[in-house]
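Colleague:
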Amino acid sequence: MSKHAPVKKNQTIVLTFEDMTHEGNGVGKIDGYPVFVPNTLPGEEAEVKVIFVKKNFAIGKLVELKKESAHRVEPPCDVYHQCGGCQLQHMDYEMQLEMKRQQVGNVFKKIAHITDVEVKPTLGMENPWRYRNKVQIPVGEKNGELITGFYRKKSHEIIEGMETCIITDEVNDAVVEKVRTIASKLGIRAYDENIHKGTLRHIVVRRGKQTNQLMLVLVTRTKTLPHKQDLLDEIIKAFPDIDSIIQNVNGQRTNVILGRETVTLYGADYIYDTIGDVKFAISAKSFYQVNPDQTKVLYDQALAFAGLTGKETVIDAYCGIGTISLFLAQQAKQVYGVEIVPEAIDDAKKNAALNNITNAEFVVGEAEKVMPWWKTQGLRPDVIVVDPPRKGCDEALLNAMIDMGPERIVYVSCNPATLARDVKVLSGNYEVKYIQPVDMFPQTSHVEVVALLTRK
Numbered sequence: 001m002s003k004h005a006p007v008k009k010n011q012t013i014v015l016t017f018e019d020m021t022h023e024g025n026g027v028g029k030i031d032g033y034p035v036f037v038p039n040t041l042p043g044e045e046a047e048v049k050v051i052f053v054k055k056n057f058a059i060g061k062l063v064e065l066k067k068e069s070a071h072r073v074e075p076p077c078d079v080y081h082q083c084g085g086c087q088l089q090h091m092d093y094e095m096q097l098e099m100k101r102q103q104v105g106n107v108f109k110k111i112a113h114i115t116d117v118e119v120k121p122t123l124g125m126e127n128p129w130r131y132r133n134k135v136q137i138p139v140g141e142k143n144g145e146l147i148t149g150f151y152r153k154k155s156h157e158i159i160e161g162m163e164t165c166i167i168t169d170e171v172n173d174a175v176v177e178k179v180r181t182i183a184s185k186l187g188i189r190a191y192d193e194n195i196h197k198g199t200l201r202h203i204v205v206r207r208g209k210q211t212n213q214l215m216l217v218l219v220t221r222t223k224t225l226p227h228k229q230d231l232l233d234e235i236i237k238a239f240p241d242i243d244s245i246i247q248n249v250n251g252q253r254t255n256v257i258l259g260r261e262t263v264t265l266y267g268a269d270y271i272y273d274t275i276g277d278v279k280f281a282i283s284a285k286s287f288y289q290v291n292p293d294q295t296k297v298l299y300d301q302a303l304a305f306a307g308l309t310g311k312e313t314v315i316d317a318y319c320g321i322g323t324i325s326l327f328l329a330q331q332a333k334q335v336y337g338v339e340i341v342p343e344a345i346d347d348a349k350k351n352a353a354l355n356n357i358t359n360a361e362f363v364v365g366e367a368e369k370v371m372p373w374w375k376t377q378g379l380r381p382d383v384i385v386v387d388p389p390r391k392g393c394d395e396a397l398l399n400a401m402i403d404m405g406p407e408r409i410v411y412v413s414c415n416p417a418t419l420a421r422d423v424k425v426l427s428g429n430y431e432v433k434y435i436q437p438v439d440m441f442p443q444t445s446h447v448e449v450v451a452l453l454t455r456k
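The opening residue of the sequence shown carries number 1 in UniProt numbering; numbering runs sequentially from there.
1. Pick helix, strand or coil for residue 106, following the three-state DSSP scheme.
2. For residue 357, which three-state DSSP category applies?
3. Please give the ranges of any beta strand (DSSP E) in the segment 77–103, keeping only runs that are unbroken, at least 3 residues long and fully inside the region.
4. Are residue 285 and residue 258 close, meaning C-beta to C-beta below 8 Å?
5. Can you tell me where the beta strand (DSSP E) with residue 175 in it begins and where it stops?
6. For the alpha helix (DSSP H) containing residue 228, name the first residue and the last one.
7. Nearest by alpha-carbon distance to residue 205: which of 192, 242 and 189 is it?
8. Relative to the C-alpha of residue 380, which candidate in 431, 313, 409 and 412 has its C-alpha closest?
9. Would residue 417 and residue 107 qualify as a contact pair, given that the criterion is a beta-carbon distance under 8 Å?
10. For residue 266, name the three-state secondary structure that DSSP assigns.
11. Measuring only the C-alpha atoms, how far is residue 20 from residue 189?
12. Tell me which same chain residues have a C-beta within less than 6 Å of the C-beta of residue 244, skipping the five on either side of it?
13. Write down every uninterrupted run of the beta strand (DSSP E) in the segment 201–226 whose length is 3 residues or greater and which is fully enclosed by it, in chain order.
14. Write down the C-beta distance between residue 186 and residue 231 rounded to the nearest angstrom, noting that I regard them as a contact closer than 8 Å.
15. Counting along the chain, where does the alpha helix (DSSP H) carrying residue 326 start and finish?
16. On the DSSP letters alone, give me the boundaries of the beta strand (DSSP E) that residue 430 sits inside.
17. How about the segment 129–146 and the segment 160–179: do they share at least three Cβ pairs that are nearer than 8 Å?
18. Tell me whether residue 347 sits in a helix, a strand or coil according to DSSP, three-state version.
19. Could you tell me which residues DSSP pairs with residue 452 in its beta bridges?
20. Relative to the alpha-carbon of residue 128, which residue among 149, 104, 144 and 76 has its alpha-carbon at the smallest distance?
21. Shortest alpha-carbon distance to residue 42 belongs to which of 281, 83, 96 and 74?
22. Indicate whether residue 67 and residue 49 have their beta-carbon atoms separated by less than 8 Å.
23. Going by alpha carbons, who is nearest to residue 359 out of 322, 377 and 376?
24. Relative to the C-alpha of residue 392, which residue among 301, 401 and 414 is closest?
25. Is it the case that the Cβ atoms of residue 9 and residue 53 are separated by a distance below 8 Å?
26. Given that a residue counts as buried once 16 or more other Cβ atoms are within 10 Å of its Cβ, and exposed if not, what is residue 252?
27. Report whether the distance from the Cβ of residue 367 to the nearest heavy atom of the ligand COA is below 7 Å.
28. Based on Cα-Cα distance, which residue from 411, 157 and 400 lies nearest to residue 141?
29. In the structure shown, what three-state DSSP assignment does residue 58 receive?
30. Give the DSSP-derived three-state secondary structure of residue 396 in the structure shown.
31. If contacts are defined as beta-carbon pairs under 8 Å, then residue 370 and residue 103 qualify, I think. What distance do you get, rounded to the angstrom?
32. Runs of 4 residues minimum, wholly inside the segment 357–389: which ones carry the alpha helix (DSSP H) assignment?
33. Less than 8 Å between the CB atoms is what I'm expecting for residue 159 and residue 83, so what's the real figure, rounded?
34. Quick one: what's residue 314 bridged to in DSSP?
35. Could you name the residues that DSSP lists as bridge partners for residue 279?
See below:
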């Protein structure tokens, strides 16, 4: 290929799309040079305007479809093309699941150089809508009224007129809408990030999928909340069954939603939900999976891969509030969970007590440091389960796992690329047996994966 790109900015071209990126953009090529175009599908032909050019690739904007894929559907969301939350609503669900399976297979080939293990079909949902049990909506102002809505793609500008989000629980939707109306009527001001003034930053709602318990979190810049009692009275009148109203104070100039300080204004500090037979207490700041139906599918898969008979010792690295640990404890002899966030470990201990689970022990610390110490204490795990953040496992942790030499490693991942990278490190000692994608976030390009590795 020559050093110069075969296209120029603002040029209009006709492309045939043959592939997709992991973000869900169509890929068309000119003399082998890739052009990425959102809202297009493999098999389609379209007129495209080039909007960005680099030496190795360009980005285009769809002008007109000349040939449509049989998998194209009309996105049911009114603001789909403005909002960056979902990327795949223009694609039927069958294709979304297949695309995610291929995405996982591609990273395993490319990064881990593994081609001989079948990537199983993605486990999807019967109804891939209204699945999110938590919504966090920024608050802004226009013409003296409060507005709420997600941010426009790649901006901090709120999309107006966004009445609903069709991947969010309907009750949560209704609560956001009502709280905005009440707060607006009472003259509570929205936070303005440009001048760091105003009060109300975000409205966060969480709902227990199985228990229907409801928690509202008002994120404010200031400790004082104007018209607090009137606000509470009106919210409770509108939602008499609400279980918990919390104020979270975030006085920082930051994009992080929640601050450090949390005050319970009404009701309980926690709401509860169940996944399978395990009950969880969820606070305003707890990490809890946003799609509990698919979390059950994911954990059942992890449990199946762990192959427990009741005699095993299991380590759960990155155990969080104990969600996977407590699932495992039902079928293991003993589970040890480790997590760096002290509040999460407090929650994990509470959750173990809540379920009368006595064979799970939780420790605060970095897994890569705690595990070698456990080894010196004579701890020999049969199975290690890891569910790390998007950046994957620390190399020191991978080495600690190899060093402990469990029979099986069950790796749960929200990022197939870092999973493949880590599997490559483990592959000297462990062999990949199964790769199972799970669709935790339908309509978006994200995919969860569970991989089973056995000792060579």
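We put the CB at the ideal spot given by N, CA and C, even for glycine. Keep in mind it's a predicted model, so treat the numbers as computed, not measured.
Modeller: Checking against the coordinates, here is how it stands:
1. Within the sequence shown, numbered from 1, the residue matching residue 106 stands at position 106. In this structure, residue 106 counts as helix in the three-state DSSP scheme.
2. Along the sequence shown, one-based indexing puts residue 357 at 357. Three-state result, residue 357: coil.
3. none
4. Walking along the sequence shown from the start, residue 285 turns up at place 285. Walking along the sequence shown from the start, residue 258 turns up at place 258. Yes, the pair counts as a contact, with Cβ atoms nearer than the cut-off.
5. The residue given as residue 175 occupies position 175 in the sequence shown. First-last for residue 175: 170–185, but that is the alpha helix (DSSP H), not the beta strand (DSSP E).
6. Along the sequence shown, read from residue 1 onward, the residue named residue 228 stands at position 228. From DSSP, the alpha helix (DSSP H) with residue 228 extends over 228–238.
7. For the purposes of this step, residue 205 is taken as the residue at position 205 of the sequence shown. Checking every option, the nearest Cα to that of residue 205 belongs to 242.
8. Residue mapping note: residue 380 aligns to position 380 of the sequence shown, counting from 1. Among 431, 313, 409 and 412, the Cα nearest to that of residue 380 belongs to 313.
9. Counting from 1 along the sequence shown, the entry for residue 417 is found at position 417. Counting from 1 along the sequence shown, the entry for residue 107 is found at position 107. The answer is yes: Cβ separation under 8 Å.
10. Within the sequence shown, numbered from 1, the residue matching residue 266 stands at position 266. Three-state result, residue 266: strand.
11. One-based indexing of the sequence shown puts residue 20 at position 20. One-based indexing of the sequence shown puts residue 189 at position 189. One C-alpha to the other measures close to 43 Å.
12. Position 244 of the sequence shown, counted from the first residue, corresponds to residue 244. Cβ neighbours of residue 244 beyond the five flanking positions: 215, 267, 268 and 271.
13. 214–220
14. Position 186 of the sequence shown, counted from the start, is the residue given in the question as residue 186. Position 231 of the sequence shown, counted from the start, is the residue given in the question as residue 231. Right, the Cβ-Cβ distance comes to about 6 Å (below 8 Å), so this counts as a contact.
15. Position 326 of the sequence shown, counting from 1, holds the residue named residue 326. It spans 323–329 - the alpha helix (DSSP H) in which residue 326 sits, taken as one unbroken run.
16. If you number the sequence shown from 1, residue 430 lands on position 430. 430–438 is the span of the beta strand (DSSP E), which, as asked, contains residue 430.
17. yes
18. On the sequence shown, position 347 is the one that residue 347 refers to. Looking at residue 347 - three-state DSSP - the assignment turns out to be helix.
19. Reading the sequence shown from its first residue, position 452 is the one you call residue 452. Residue 452 is bridged to 410 and 434.
20. Looking up residue 128 in the sequence shown gives position 128. Checking every option, the nearest Cα to that of residue 128 belongs to 76.
21. By one-based count along the sequence shown, residue 42 stands at place 42. Taking only the C-alpha atoms, the option nearest residue 42 is 96.
22. As a first step, residue 67 must be located in the sequence shown, where it is residue number 67. As a first step, residue 49 must be located in the sequence shown, where it is residue number 49. No.
23. The sequence position of residue 359 within the sequence shown is 359, counting from 1. Answer by Cα proximity: 322.
24. For the purposes of this step, residue 392 is taken as the residue at position 392 of the sequence shown. From the listed residues 301, 401 and 414, the smallest Cα separation to residue 392 is found for 414.
25. Counting from 1 along the sequence shown, the entry for residue 9 is found at position 9. Counting from 1 along the sequence shown, the entry for residue 53 is found at position 53. With contacts defined as CB atoms closer than 8 Å, residue 9 and residue 53 qualify as a contacting pair.
26. On the sequence shown, position 252 is the one that residue 252 refers to. It is exposed - the Cβ of residue 252 has fewer than 16 other Cβ atoms within 10 Å.
27. Looking for the ligand COA in the displayed structure turns up nothing, as the structure carries no ligands at all.
28. Reading the sequence shown from its first residue, position 141 is the one you call residue 141. Among 411, 157 and 400, the Cα nearest to that of residue 141 belongs to 157.
29. Position 58 of the sequence shown, counted from the first residue, corresponds to residue 58. In this structure, residue 58 counts as strand in the three-state DSSP scheme.
30. Translated into the one-based positions of the sequence shown, residue 396 becomes position 396. Correct three-state label for residue 396: helix.
31. Taking the first residue of the sequence shown as position 1, residue 370 is located at position 370. Taking the first residue of the sequence shown as position 1, residue 103 is located at position 103. Rounded to the nearest angstrom, the Cβ distance from residue 370 to residue 103 is 33 Å, too far for a contact under 8 Å.
32. 367–376
33. Taking the sequence shown and counting its residues from 1, one reaches residue 159 at position 159. Taking the sequence shown and counting its residues from 1, one reaches residue 83 at position 83. 6 Å between Cβ atoms; contact.
34. To locate residue 314, count along the sequence shown from 1; it is residue 314. Beta-bridge pairing links residue 314 to 335 and 383.
35. Locating residue 279 in the sequence shown gives position 279, where the first residue counts as 1. Answer by DSSP bridge pairing, in chain order: 274.
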